[in-house]
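**Q** Sharing a structure here in structure tokens format.
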Amino acid sequence: MPDGTQKPQASTMRKRLTVDEPSPRSVFLDVPNMPWEETKFPGIRCKTLYSDGSGMATLLLELEPGAVVPLHEHTAIEQTYVLKGHFVDEEGECLPGQFVWRPAGNTHIAWAGKEGATILGVFLRPNIFADGRPFFTEEKKA
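Taking this note's numbering, the leading residue of the sequence shown gets 1452, the next gets one more, and so forth.
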């Protein structure tokens, strides 16, 4: 129930509202116990929370103090929520609990402040990096 006092039975399979078929199952992740993955960007590690193969991705990113996300262009809206630390670019800065979104075409360099940063990033398509490096999730493609 919505008040959290009673869980629905696991064997109950809900049907979709728009077609006569079972509702796809939710995917739950134990994020604290997922390993951090190294990226091609020095001082930046990530946990891929969602990736659909087309470039849409939700990433938990941990940036060491001063780590830099090099010059890149957003190919679609990017959304970033700062969990810890200080996340900065030429246009502004975000502290814990703050949020920034960037439109398609936004081109910038971003970096972590002296205390580093942990951010949640939501990407609709991979960014294009000036030096040709692949986006965080591109190497996972087959």
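Each residue gets a CB set at the ideal place from its N, CA and C atoms; glycine is no exception.
Tell me which same chain residues have a C-beta within less than 8 Å of the C-beta of R1569, skipping the five on either side of it?
**A** Note on identity: in this sequence residue 1569 is Thr, with Arg being the wrong assignment. L1511, L1512, E1513, L1514, V1533, L1534, K1535, G1536.
**Q** Could you check which residue in P1521, N1484, L1480, G1567 has the C-alpha nearest to that of S1502?
**A** L1480
**Q** Quick check on the DSSP output: the beta strand (DSSP E) that includes S1502 runs from which residue to which?
**A** 1495-1502
**Q** Closer than 6 Å by C-beta to C1545: which residues in its own chain qualify, once you throw out the five before and the five after it? Chain order, please.
**A** Take C1545, set aside five residues on each side of it, and the residues of its chain with a beta-carbon closer than 6 Å to its own are V1533, F1538, V1551, in chain order.
**Q** What are the start and end residues of the beta strand (DSSP E) that includes L1522?
**A** For L1522, the enclosing beta strand (DSSP E) covers residues 1519-1524.
**Q** If you check the beta carbons only, do R1576 and T1526 fall under 8 Å apart?
**A** yes
**Q** Taking the CB atoms as reference points, tell me whether G1506 and F1574 lie closer together than 8 Å.
**A** yes
**Q** Rounded to the nearest angstrom, what separates F1580 and M1485 at their Cα positions?
**A** 27 Å
**Q** Just reading off the beta strand (DSSP E) that Q1549 is part of, what are its end residues?
**A** No beta strand (DSSP E) holds Q1549; DSSP gives it neither H nor E.
**Q** Out of L1571, E1541, E1524, state which residue places its alpha-carbon closest to the alpha-carbon of G1556.
**A** E1524
**Q** Just list the residues that DSSP pairs V1573 with in beta bridges.
**A** V1573 is bridged by DSSP to T1509, Q1530.
**Q** With burial defined as no fewer than 16 other Cβ atoms inside 10 Å of the residue's Cβ, what is the status of E1566: buried or exposed?
**A** exposed
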